[in-house]
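Accompanying notes for the structure given below.
2 protein chains.
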Amino acid sequence: MSILLKNVIIEGKKRDLFIEGKIIKNIGDNLDLKAEEEIDAKGEKAVLPGFVNCHTHAAMSLLRGYGDDLSLKEWLENKIWPLEAKLTPDDIYWGTKLACLEMIKTGTLAFNDMYFFPESAISATEEMGLRALIGLVVFDLSESGQPENIEKTYYRLQSKKSDLINLSVAPHSIYTVSKENLIWSKNFAQKENLILHIHLSETEKEVDDCLKENNLRPAEYLNQINFLGENVILAHSVWLSEGEISIIAENKSSPVYNPCSNLKLVSGEIFPYKAFKDKNVNICLGTDGAASNNSLDMIREAKFASLLQKHKEKDPTFLPADEALSVATKSGYRALRMGSGEIKEGNLADLILVDLNKTYFAPGLNFVSDLIYAASGDCVSDSICNGRILMRDKKVEGEDEIIKKSKKIAEGLVRGQINKN
Amino acid sequence: MSILLKNVIIEGKKRDLFIEGKIIKNIGDNLDLKAEEEIDAKGEKAVLPGFVNCHTHAAMSLLRGYGDDLSLKEWLENKIWPLEAKLTPDDIYWGTKLACLEMIKTGTLAFNDMYFFPESAISATEEMGLRALIGLVVFDLSESGQPENIEKTYYRLQSKKSDLINLSVAPHSIYTVSKENLIWSKNFAQKENLILHIHLSETEKEVDDCLKENNLRPAEYLNQINFLGENVILAHSVWLSEGEISIIAENKSSPVYNPCSNLKLVSGEIFPYKAFKDKNVNICLGTDGAASNNSLDMIREAKFASLLQKHKEKDPTFLPADEALSVATKSGYRALRMGSGEIKEGNLADLILVDLNKTYFAPGLNFVSDLIYAASGDCVSDSICNGRILMRDKKVEGEDEIIKKSKKIAEGLVRGQINKN
Numbered sequence: 093m094s095i096l097l098k099n100v101i102i103e104g105k106k107r108d109l110f111i112e113g114k115i116i117k118n119i120g121d122n123l124d125l126k127a128e129e130e131i132d133a134k135g136e137k138a139v140l141p142g143f144v145n146c147h148t149h150a151a152m153s154l155l156r157g158y159g160d161d162l163s164l165k166e167w168l169e170n171k172i173w174p175l176e177a178k179l180t181p182d183d184i185y186w187g188t189k190l191a192c193l194e195m196i197k198t199g200t201l202a203f204n205d206m207y208f209f210p211e212s213a214i215s216a217t218e219e220m221g222l223r224a225l226i227g228l229v230v231f232d233l234s235e236s237g238q239p240e241n242i243e244k245t246y247y248r249l250q251s252k253k254s255d256l257i258n259l260s261v262a263p264h265s266i267y268t269v270s271k272e273n274l275i276w277s278k279n280f281a282q283k284e285n286l287i288l289h290i291h292l293s294e295t296e297k298e299v300d301d302c303l304k305e306n307n308l309r310p311a312e313y314l315n316q317i318n319f320l321g322e323n324v325i326l327a328h329s330v331w332l333s334e335g336e337i338s339i340i341a342e343n344k345s346s347p348v349y350n351p352c353s354n355l356k357l358v359s360g361e362i363f364p365y366k367a368f369k370d371k372n373v374n375i376c377l378g379t380d381g382a383a384s385n386n387s388l389d390m391i392r393e394a395k396f397a398s399l400l401q402k403h404k405e406k407d408p409t410f411l412p413a414d415e416a417l418s419v420a421t422k423s424g425y426r427a428l429r430m431g432s433g434e435i436k437e438g439n440l441a442d443l444i445l446v447d448l449n450k451t452y453f454a455p456g457l458n459f460v461s462d463l464i465y466a467a468s469g470d471c472v473s474d475s476i477c478n479g480r481i482l483m484r485d486k487k488v489e490g491e492d493e494i495i496k497k498s499k500k501i502a503e504g505l506v507r508g509q510i511n512k513n
Numbered sequence: 093m094s095i096l097l098k099n100v101i102i103e104g105k106k107r108d109l110f111i112e113g114k115i116i117k118n119i120g121d122n123l124d125l126k127a128e129e130e131i132d133a134k135g136e137k138a139v140l141p142g143f144v145n146c147h148t149h150a151a152m153s154l155l156r157g158y159g160d161d162l163s164l165k166e167w168l169e170n171k172i173w174p175l176e177a178k179l180t181p182d183d184i185y186w187g188t189k190l191a192c193l194e195m196i197k198t199g200t201l202a203f204n205d206m207y208f209f210p211e212s213a214i215s216a217t218e219e220m221g222l223r224a225l226i227g228l229v230v231f232d233l234s235e236s237g238q239p240e241n242i243e244k245t246y247y248r249l250q251s252k253k254s255d256l257i258n259l260s261v262a263p264h265s266i267y268t269v270s271k272e273n274l275i276w277s278k279n280f281a282q283k284e285n286l287i288l289h290i291h292l293s294e295t296e297k298e299v300d301d302c303l304k305e306n307n308l309r310p311a312e313y314l315n316q317i318n319f320l321g322e323n324v325i326l327a328h329s330v331w332l333s334e335g336e337i338s339i340i341a342e343n344k345s346s347p348v349y350n351p352c353s354n355l356k357l358v359s360g361e362i363f364p365y366k367a368f369k370d371k372n373v374n375i376c377l378g379t380d381g382a383a384s385n386n387s388l389d390m391i392r393e394a395k396f397a398s399l400l401q402k403h404k405e406k407d408p409t410f411l412p413a414d415e416a417l418s419v420a421t422k423s424g425y426r427a428l429r430m431g432s433g434e435i436k437e438g439n440l441a442d443l444i445l446v447d448l449n450k451t452y453f454a455p456g457l458n459f460v461s462d463l464i465y466a467a468s469g470d471c472v473s474d475s476i477c478n479g480r481i482l483m484r485d486k487k488v489e490g491e492d493e494i495i496k497k498s499k500k501i502a503e504g505l506v507r508g509q510i511n512k513n
């Protein structure tokens with residue numbers, strides 16, 4: 093497969109870009125190359141790397157809007173958990189497809205997933221054409237979350253690994269996974285060269301409980317059992333001491349900032365961006381699941397990310413637009429070990445086109461600033477991942493069916509719930 | 093002019109809606125009425141009242157992205173003020189048109205404006221078809237901002253008042269307008285039955301300076317000179333004591349919450365929503381100008397508004413989606429004294445259609461929650477104001493020219509600035 097993008101804007105200049113297979117082969121002026129597909133942007137679309145959503149629960153898109161504006165306890169116990177208990181592999185398949193559709197539409201081309209039924213998530217993601225790291229969730233209370241079952245699932249899913257799909261070991265958190273199983277996770281990840289994906293210090297309760305139980309704060313506890321390392325992605329990471337931030341920095345782990353979810357669920361603290369940045373930590377950005385955001389739009393997440401940190405640091409120059417863009421793209425690809433995040437020859441052809449005719453790009457004095465502060469994900473017109481066109485002029489193959497199916501499933505789940513109550 | 097909206101979703105049900113002149117005449121099932129224009133939504137679009145942007149500087153859209161991520165001092169002194177000094181009436185005309193275009197595209201049908209050259213703003217707004225309250229800016233340091241000139245301008249612009257356009261007296265702030273001129277503003281507003289629009293307590297410095305100078309906090313100072321009243325709109329209002337909030341409540345003035353601008357410019361405090369709400373104050377929402385947001389999208393502003401308050405109050409149930417929607421619509425129309433904000437027979441035909449096929453409306457378990465937390469202004473497909481269709485299927489008359497013109501003007505302004513430095 094080859095694709096020629098004519099007259100696209102790259103770093104402010106009108107260029108052509110030629111994709112061969114999964115690689116950006118040439119960037120130049122007036123490229124005279126034959127391609128199977130050609131998109132002429134007429135100077136009206138800019139090329140950007142795709143966004144990377146570094147912490148989400150994709151299939152939770154099925155539960156979007158079900159139980160908002162509730163206390164965390166009521167939300168989980170009366171709404172989310174009862175519904176989750178009924179989810180089938182088929183539900184996860186369609187829920188993940190719905191999330192992928194929203195991501196494609198808003199320019200996210202890679203994500204870090206943690207949810208049930210990984211096989212369904214893999215099928216859905218592979219078919220939609222996105223890159224993902226699909227977590228095998230270690231969880232003490234579930235059958236599937238036991239080490240022996242994770243191991244079985246892992247070996248069974250070996251054949252599903254591809255250019256697009258890789259697996260991670262995803263112990264849910266320190267309060268839902270025993271020390272023994274955390275150590276097992278770490279060792280298994282080491283043995284198989286896998287990324288570890290865990291929730292860390294999202295709430296103050298987690299810190300208090302850990303102090304009570306282990307006389308250590310959560311990151312100290314993970315460090316004590318040698319869990320931390322370059323392969324570790326730490327979702328949320330809001331309630332951290334200076335010492336814990338140093339530990340995370342020394343171990344070269346990647347924390348994920350989830351501003352909307354932290355505000356909406358009232359985690360109570362704001363991500364310590366500056367402390368991480370001062371220690372050169374690879375900070376990533378994520379939306380969390382659509383049940384607690386309720387959007388998967390990384391552009392809007394980046395605006396929240398930037399504005400909230402300016403407020404926290406009392407410094408309007410802090411976390412400027414270009415840095416927010418880099419965190420939402422390059423840092424994410426680095427954390428997920430995917431060779432993308434920049435538009436240059438030889439890189440993977442993971443890129444999006446942004447429609448510069450949108451009103452919020454006028455008058456157009458500063459494109460990156462307009463993108464982060466004024467635009468929303470709706471500005472993305474075309475998405476290409478691994479050299480395959482996933483969206484062309486806002487159209488994604490099969491989108492009507494995905495929306496129809498997800499509605500039917502969600503209505504069925506909720507109806508069942510109402511009848512039960 | 094008559095318009096028949098067929099098969100639109102009103103409060104969850106498929107209905108027809110008939111507009112005659114500027115009024116919603118009938119809402120019913122299978123209305124068999126002839127209309128000059130007909131829009132068949134096929135059950136795929138919801139009707140909502142338009143959003144009301146209660147504090148903005150419309151023409152500043154020309155300066156979007158010019159000087160972001162700077163300290164307030166550098167932003168104002170090196171960027172905004174030098175450029176503003178060069179603005180002509182024609183610039184304001186096109187800048188206001190650009191703002192109106194973005195508002196129409198994102199479902200805002202009324203706004204409260206405060207900027208230079210009101211006559212240009214009026215022409216632009218009237219032509220675009222939006223409702224607005226155009227402020228006559230009282231400002232000690234400018235010629236046009238002197239009471240005698242405001243008075244002249246006011247009487248000269250009488251003939252421009254219309255269904256859509258009204259004028260306000262807009263003393264810029266307590267630190268740029270003398271006590272004498274504040275009192276003049278109040279008296280003139282009383283005499284002419286006008287709304288007063290003023291910036292209040294956006295920064296801590298304003299409070300400190302007022303305490304030094306008057307031994308009173310800003311709202312106390314305004315109360316002492318009998319400035320406050322039901323006709324007063326107070327932009328920002330973030331640095332307030334409990335006592336000042338009581339004063340504002342007793343005077344039935346309307347404060348405007350501008351969450352993005354307050355975060356981006358680091359006002360340093362979060363709007364005291366709960367304290368106002370507890371005293372039944374009419375709280376409104378605004379975006380501020382596009383130079384300090386940088387979006388005029390009220391849906392995205394409403395998400396910031398809600399999430400930031402949940403965080404502030406440490407309560408995820410606080411400021412739920414339906415309340416945010418009401419603040420962004422009904423409360424705004426009330427403050428601006430425009431008879432709209434609800435979809436019912438006899439009301440003004442100010443309404444928008446929202447495209448329910450957008451991915452973020454799936455699976456669709458809770459429409460209002462999806463609208464505020466998951467959608468962005470791009471979901472608006474059609475805008476109707478005062479019975480006139482301003483946008484149909486995402487198309488606004490003359491939009492290409494507005495974008496082209498605004499780009500040319502902004503580039504000229506910035507180029508002039510660079511050559512001068």
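From first to last, the protein sequence lines are chains A and B. Residue numbering for the first sequence follows my numbering, beginning at 93 and increasing consecutively. Residue numbering for the second sequence follows my numbering, beginning at 93 and increasing consecutively. Positions of the beta carbon are idealized from the N, C-alpha and C atoms, including for glycine. Values in this document were obtained by computation on a predicted structure and should not be read as measured data.
Whole-Å CB distance - alanine 311/B paired with leucine 332/B, under 8 angstroms assumed: Translated into the one-based positions of the second sequence, residue 311/B becomes position 219. Translated into the one-based positions of the second sequence, residue 332/B becomes position 240. The Cβ separation is near 6 angstroms, so the contact holds.
Measuring CB to CB, does asparagine 478/A end up less than 8 angstroms from aspartate 442/A? As a first step, residue 478/A must be located in the first sequence, where it is residue number 386. As a first step, residue 442/A must be located in the first sequence, where it is residue number 350. Yes, the pair counts as a contact, with Cβ atoms nearer than the cut-off.
Whether or not the region 493-501 of chain A and the region 241-249 of chain A are in contact is what I'm after, with contact meaning three or more pairs of Cβ atoms, one per stretch, closer than 8 angstroms; do they touch? no
If we require 3 or more residues per run, which beta strand (DSSP E) segments fall completely within the region 229-316 of chain A? 257-263, 287-292
Contacts that cysteine 352/B makes with chain A (C-beta to C-beta distance below 7 angstroms): As a working mapping, residue 352/B is identified with position 260 in the second sequence. Under the 7 angstroms cutoff, chain A gives Leu399.
Contact between the region 190-204 of chain B and the region 220-233 of chain B (3+ Cβ pairs under 8 angstroms): yes
Name, please, each residue of chain B whose Cβ falls closer than 9 angstroms to the Cβ of valine 358/A. For this step, residue 358/A is matched to residue 266 along the first sequence. Those are Lys402, His403, Glu405, Lys406, Asp407, Pro408, Phe410, listed as they occur along chain B.
Quick check on valine 506/A - is its C-beta less than 8 angstroms from some C-beta in chain B? Counting from 1 along the first sequence, the entry for residue 506/A is found at position 414. Yes, its Cβ sits closer than 8 angstroms to a Cβ of chain B.
Between leucine 417/B and leucine 463/B, is the Cβ-Cβ spacing less than 8 angstroms? Residue mapping note: residue 417/B aligns to position 325 of the second sequence, counting from 1. Residue mapping note: residue 463/B aligns to position 371 of the second sequence, counting from 1. A contact, by the Cβ cut-off of 8 angstroms.
Is arginine 107/B buried or exposed, if buried means 16 or more other CB atoms sit within 10 Å of its CB? Here residue 107/B refers to the residue found at position 15 when the second sequence is read from its first residue. Buried, because 16 or more other Cβ atoms sit within 10 Å of the Cβ of arginine 107/B.
Look up serine 475/A in the DSSP assignment and say whether it is helix, strand or coil. If you number the first sequence from 1, residue 475/A lands on position 383. Correct three-state label for serine 475/A: strand.
Listed in chain order, which residues of the region 452-472 of chain A have Cβ atoms closer than 7 angstroms to some Cβ of chain B? Tyr452, Ala454, Pro455, Gly456, Leu457, Asn458, Ser461, Asp462, Tyr465, Ala466, Ser468, Asp470
Would you mind giving the Cβ-Cβ distance between aspartate 132/B and lysine 98/B, rounded to the nearest angstrom? I have them listed as a contact below 8 angstroms. In the second sequence, counting from the first residue as 1, residue 132/B sits at position 40. In the second sequence, counting from the first residue as 1, residue 98/B sits at position 6. Yes, they are in contact, since the Cβ atoms of aspartate 132/B and lysine 98/B sit about 4 angstroms apart, within 8 angstroms.
Chain-ordered chain B contacts of lysine 499/A [CB-CB under 8 angstroms]: For the purposes of this step, residue 499/A is taken as residue 407 along the first sequence, with counting starting at 1. What lysine 499/A touches in chain B: Ala454, Pro455, Gly456.
By the 7 angstroms beta-carbon criterion, what residues does the region 140-162 of chain A contribute toward chain B? Leu154, Arg156, Gly157, Tyr158, Asp160, Asp161, Leu162
Cβ-based burial, threonine 295/B [other Cβ within 10 Å; buried from 16]: The residue labelled residue 295/B in the question sits at position 203 within the second sequence. Its Cβ being crowded by 16 or more others within 10 Å, threonine 295/B is buried.
Just to confirm, are isoleucine 257/A and isoleucine 325/A a CB contact at a threshold of 8 angstroms? Along the first sequence, read from residue 1 onward, the residue named residue 257/A stands at position 165. Along the first sequence, read from residue 1 onward, the residue named residue 325/A stands at position 233. No, Cβ-Cβ distance for isoleucine 257/A and isoleucine 325/A is not below 8 angstroms.
Asparagine 323/A versus lysine 189/B: straight-line alpha-carbon distance, rounded: Here residue 323/A is taken as the residue at index 231 of the first sequence, counted from 1. Here residue 189/B is taken as the residue at index 97 of the second sequence, counted from 1. So the two alpha carbons sit approximately 51 angstroms from each other.
Under 8 angstroms, do threonine 451/B and lysine 356/A count as touching if we go by C-beta distance? Working through the second sequence from its first residue, we reach residue 451/B at position 359. Working through the first sequence from its first residue, we reach residue 356/A at position 264. No; because the gap between Cβ atoms is not below 8 angstroms, this pair is not in contact.
Pick from Leu314/B, Val348/B, Asp389/B: whose alpha carbon is nearest that of valine 373/B? Taking the first residue of the second sequence as 1, we reach residue 373/B at position 281. Valine 373/B has its Cα closest to that of Val348/B, out of Leu314/B, Val348/B, Asp389/B.
Classify leucine 505/B as helix, strand or coil using the three-state DSSP reduction. For this step, residue 505/B is matched to residue 413 along the second sequence. Helix, per DSSP.
Beta-carbon proximity list for isoleucine 102/A, same chain, < 8 angstroms, skipping 5 on both sides: Residue mapping note: residue 102/A aligns to position 10 of the first sequence, counting from 1. Leu109, Ile119, Ala138, Val139, Ile435, listed in sequence order.
Which class does glutamate 166/A belong to by DSSP, given the choice of helix, strand or coil? Along the first sequence, one-based indexing puts residue 166/A at 74. Glutamate 166/A falls in the helix class under three-state DSSP.
What are the residues of the region 188-204 of chain B that lie near chain A, defined by any Cβ-Cβ distance shorter than 8 angstroms? Leu190, Leu193, Glu194, Lys197
If leucine 428/B sits next to valine 144/B, beta carbons under 8 angstroms apart, how far is it from one beta carbon to the other, in whole angstroms? Taking the first residue of the second sequence as position 1, residue 428/B is located at position 336. Taking the first residue of the second sequence as position 1, residue 144/B is located at position 52. Yes, leucine 428/B and valine 144/B are in contact; Cβ-Cβ is about 6 angstroms, under 8 angstroms.
For the alpha helix (DSSP H) holding isoleucine 196/A, just list the boundary residues, first then last. Translated into positions along the first sequence, residue 196/A becomes position 104. Note, isoleucine 196/A: alpha helix (DSSP H), 181-197.
Alpha-carbon spacing of isoleucine 339/B relative to asparagine 315/B, whole angstroms: As a working note, residue 339/B is residue 247 in the second sequence. As a working note, residue 315/B is residue 223 in the second sequence. Rounded to whole angstroms, isoleucine 339/B to asparagine 315/B spans 7 angstroms at the Cα level.
Which word fits glycine 142/B, buried or exposed, when buried means at least 16 other C-beta atoms lie within 10 angstroms of its C-beta? Walking along the second sequence from the start, residue 142/B turns up at place 50. By the 10 Å Cβ count, glycine 142/B comes out buried.
Can you find the residues in the same chain that come closer than 8 angstroms, C-beta to C-beta, to asparagine 343/A, ignoring five residues on each side of it along the sequence? Position 251 of the first sequence, counting from 1, holds the residue named residue 343/A. Excluding sequence neighbours, asparagine 343/A sits near Asn315, Leu320, Gly321, Glu322, Val324.
Under 7 angstroms between beta-carbons, which chain B residues line up against isoleucine 172/A? List them in chain order, please. Within the first sequence, residue 172/A is the residue found at index 80, counting from 1. Within 7 angstroms Cβ-Cβ: nothing; isoleucine 172/A doesn't reach chain B, min ~12 angstroms.
Indicate whether the contact test is met: 3 or more Cβ pairs, each with one atom in the region 163-181 of chain B and one in the region 392-411 of chain B, closer than 8 angstroms. no
Can you tell which of Ser461/A, Asn449/A, Gln509/A has its C-alpha closest to the C-alpha of aspartate 485/A? Locating residue 485/A in the first sequence gives position 393, counting from the first residue. Checked all of Ser461/A, Asn449/A, Gln509/A; the closest Cα to aspartate 485/A is Asn449/A.
Against chain B, does asparagine 57/A count as a neighbour if the rule is that its beta carbon must be under 8 angstroms from one of theirs? Absent from the structure is residue 57/A, since the part of chain A shown begins at 93 and ends at 513.
Local conformation of isoleucine 115/A per DSSP, three classes: In the first sequence, counting from the first residue as 1, residue 115/A sits at position 23. The answer is strand: DSSP assigns isoleucine 115/A an E or B state.
Using the DSSP secondary-structure output, state which residues sit across from proline 347/B in a beta bridge. As a first step, residue 347/B is located in the second sequence; it is residue number 255 there, counting from the start. Paired residues: Leu326/B.
Quick test of your reading: tyrosine 280/A and valine 261/A, contact by CB under 8 angstroms. State the CB separation rounded to the nearest angstrom. Working through the first sequence from its first residue, we reach residue 280/A at position 188. Working through the first sequence from its first residue, we reach residue 261/A at position 169. Before going on, a small fix: residue 280/A reads as phenylalanine here, not tyrosine. Yes, they are in contact, since the Cβ atoms of phenylalanine 280/A and valine 261/A sit about 6 angstroms apart, within 8 angstroms.
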